[in-house]
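Counting from 1, one number per residue, gives the positions in the sequence shown under the numbering used here.
The beta-carbon is built from N, C-alpha and C at its ideal position, and this holds for glycine as well.
These numbers were taken from a predicted model, which means no experiment stands behind them.
Okay, so here's the structure we're looking at.
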Amino acid sequence: MGRNSTVPISLPSLETFYITANKLRFHVTAWGDKSQPPVVMHAGTGFVAATWHPVAEALSPQFRVYAIDRRGHGWSDKPESGYEFFDFAEDTIAILDAMKLQPVIAIGHSAGGTDFLTAASQRPDLFKAIFLHEPTMADTTIHPKAADLPSWAVNQIERVNNRRAYFPSREAAFEHFHSREPFSRWQDMLLGLHAHFGLEAQAEGGFRLSCYPAIETQILLPIYSAMNNLHTGDHRGSPFKHFKYIRQPVGLVRSENSGERFITMFERVKTALPNVISMPPLQNTGHCAPQENPQALLDAIQTFLSMPI
Numbered sequence: 001m002g003r004n005s006t007v008p009i010s011l012p013s014l015e016t017f018y019i020t021a022n023k024l025r026f027h028v029t030a031w032g033d034k035s036q037p038p039v040v041m042h043a044g045t046g047f048v049a050a051t052w053h054p055v056a057e058a059l060s061p062q063f064r065v066y067a068i069d070r071r072g073h074g075w076s077d078k079p080e081s082g083y084e085f086f087d088f089a090e091d092t093i094a095i096l097d098a099m100k101l102q103p104v105i106a107i108g109h110s111a112g113g114t115d116f117l118t119a120a121s122q123r124p125d126l127f128k129a130i131f132l133h134e135p136t137m138a139d140t141t142i143h144p145k146a147a148d149l150p151s152w153a154v155n156q157i158e159r160v161n162n163r164r165a166y167f168p169s170r171e172a173a174f175e176h177f178h179s180r181e182p183f184s185r186w187q188d189m190l191l192g193l194h195a196h197f198g199l200e201a202q203a204e205g206g207f208r209l210s211c212y213p214a215i216e217t218q219i220l221l222p223i224y225s226a227m228n229n230l231h232t233g234d235h236r237g238s239p240f241k242h243f244k245y246i247r248q249p250v251g252l253v254r255s256e257n258s259g260e261r262f263i264t265m266f267e268r269v270k271t272a273l274p275n276v277i278s279m280p281p282l283q284n285t286g287h288c289a290p291q292e293n294p295q296a297l298l299d300a301i302q303t304f305l306s307m308p309i
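Now the structure itself:
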């Protein structure tokens with residue numbers, strides 16, 4: 001193994017608490033003084049809120065920053081079902097109402113950013129501005145129809161289903177993550193935070209992934225459907241057609257090294273939203289920019305926040 005397997009990394013001391021909203025309990029990590037204007041963050045699928053730490057800490061002198069573990073993630077509740085885009089948006093709305101934070105500046109990565117867009121399209125009063133890194137987005141110019149996912153998506157879901165979910169210790173999980181993509185490119189401290197908050201102790205001993213395979217596959221199915229313009233949603237429909245009504249300024253950025261699918265969705269968001277501020281691509285990082293190169297992402301966020309929003 002590449003590291004001492006007893007203590008993988010020195011972790012920062014973080015303020016954490018729980019809040020109940022939408023009949024679920026959510027784990028929240030917070031930075032900064034409560035008197036400062038609120039910023040709320042969501043991480044991407046499978047990742048924990050605490051991995052926003054470098055970005056949130058840098059923003060904390062000017063803002064009270066809250067990073068929320070989305071349903072199915074971290075130490076938040078994990079219902080057996082309910083992982084459509086609207087479910088996450090309803091959670092976001094309920095949390096902001098319960099915490100009485102509105103209007104907030106929202107910062108979201110990947111599908112966590114889509115939570116904010118969906119929520120803002122339903123409750124614009126909750127948001128002052130939104131900053132997004134590579135959110136999930138379907139092409140709203142194409143009418144979606146039910147069809148089988150492409151082979152790459154089916155294969156990825158199968159890999160998630162077969163993913164190792166149990167570990168004897170958090171240290172063992174850290175070592176396991178460190179040898180695999182995309183975690184091998186993460187900063188060590190952030191991988192340590194993921195190994196800490198991304199596992200839950202089991203009564204019989206050992207630890208299980210918080211976002212375990214049966215949950216993550218439910219989250220990925222709508223995402224992969226949207227990527228491929230196959231997302232028809234449930235009885236509430238699909239959220240993407242409502243994004244054109246979002247009037248708040250939306251900062252949008254992608255990474256230089258992200259795959260074509262993320263670049264395509266970046267262009268969809270850029271086209272669909274009426275008030276987009278598109279930032280230059282982040283250099284030397286891929287889709288996991290908050291964990292790979294948080295400084296590059298922070299620079300883009302601070303540029304956006306320096307604008308009259």
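A residue is called buried once 16 or more other Cβ atoms fall within 10 Å of its Cβ, and glutamine 248 is buried on that count. Listed in chain order, the alpha helix (DSSP H) elements of length 4 or more contained wholly in the region 213-241 are 213-227. Judged by beta-carbon spacing, phenylalanine 240 lies within the 8 angstroms limit of alanine 138, meaning their Cβ atoms are closer than that value. Residue pairing by DSSP places tryptophan 31 opposite Val65 in a beta bridge. In this model, serine 255 and glutamine 283 are separated by some 6 angstroms (Cα to Cα). For a cut-off of 8 angstroms, the C-beta gap from aspartate 77 to arginine 25 is around 5 angstroms, short enough to register as a contact. The region 104-164 is shown to contain whole alpha helix (DSSP H) runs of 4 or more residues at 111-122 and 151-161, in chain order.
Apart from the 5 residues on each side of it in sequence, glutamate 84 sits with its Cβ closer than 6 angstroms to the Cβ of Pro222 and Asp234 in its chain, given in chain order.
Of the residues Ser210, Gly46 and Val253, the one whose Cα lies closest to the Cα of phenylalanine 304 is Val253.
Beta-bridge analysis with DSSP links threonine 16 to Thr29.
Contact between histidine 287 and phenylalanine 262 holds: their C-beta atoms lie close to 5 angstroms from each other, under 8 angstroms.
Per DSSP, leucine 252 is one residue of the beta strand (DSSP E) stretching across 250-253.
Our two residues, serine 10 and glycine 72, have alpha carbons roughly 26 angstroms apart in a direct line. The beta carbon of methionine 227 sits closer than 6 angstroms to those of Arg261, all from its chain and outside the five residues before and after it, given in chain order. Non-local beta-carbon contacts of alanine 119 in its own chain, meaning distances under 7 angstroms to residues more than five positions away in sequence, involve Ala89, Thr92, Ile93 and Leu126 in chain order. When the five nearest sequence neighbours on each side are left out, the beta carbons in the same chain lying within less than 7 angstroms of the beta carbon of methionine 99 are those of Ile19, in order along the chain.
In this structure, alanine 173 and phenylalanine 207 form a Cβ contact; the two beta carbons are roughly 6 angstroms apart against a cut-off of 8 angstroms. For glycine 237, the closest alpha carbon among the candidates Asp188, Leu191 and Asp87 is that of Asp87. Of all alpha-carbon atoms in His27, Gly32 and Ala21, the one lying nearest the alpha-carbon of isoleucine 68 is that of His27.
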